[in-house]
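Have a look at the structure below, then the notes.
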Amino acid sequence: MDHDHFPDDLLKDQTAWYLAYDELARDSARSQTDARRRLLELSRRIAGQAFWRTPDGTPAARVALKEIARAGMGRARDARRSEVCR
Numbered sequence: 002m003d004h005d006h007f008p009d010d011l012l013k014d015q016t017a018w019y020l021a022y023d024e025l026a027r028d029s030a031r032s033q034t035d036a037r038r039r040l041l042e043l044s045r046r047i048a049g050q051a052f053w054r055t056p057d058g059t060p061a062a063r064v065a066l067k068e069i070a071r072a073g074m075g076r077a078r079d080a081r082r083s084e085v086c087r
């Protein structure tokens, strides 16, 4: 499966989930409570995504989504850094 196989909002939410998880793990300046709430909200949105109720929403698709999102996480992090530096 590739990036185009998944709805954009699902891929965006999964990537954001990894970024929020890493932020929580780093114990950054942002409130841990806020980071946990963000993770819960993203988890709800990912699990409730209509894509999972289609024939394409298989367990293998869940694994593929996570792999694609994890690979894209570095690009998302780089984009956020470049915005901060401007």
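Sequential numbering from 2 applies to the sequence shown in my numbering.
Heads up, the beta-carbon is just placed ideally off N, CA and C, and yes, glycines get one too.
Taking A70 as the centre and dropping the five residues before and after it, the same chain places the C-beta of L12, Q15, T16 and Y19 closer than 7 Å to its C-beta, in chain order.
The criterion of a C-beta distance shorter than 8 Å is satisfied by R39 and A21. Per DSSP, S44 is one residue of the alpha helix (DSSP H) stretching across Q33 to A48. Shown here for K67: same chain residues with a beta carbon closer than 7 Å to its own, the five before and five after excluded, namely Q15 in chain order. Residue burial annotation: A72 is exposed, with fewer than 16 other C-beta atoms found within 10 angstroms of its C-beta. Distance from L25 to Q33 at the Cβ level is roughly 6 Å; contact confirmed, criterion being Cβ atoms closer than 8 Å.
DSSP, reduced to helix, strand and coil, places T55 outside both helices and strands of the structure shown, so it counts as coil. Closest option to D10, judged by alpha-carbon separation, among T59, A61, A48 and A36: A48.
Judged by DSSP in its simplified three-state form, D28 adopts coil rather than helix or strand.
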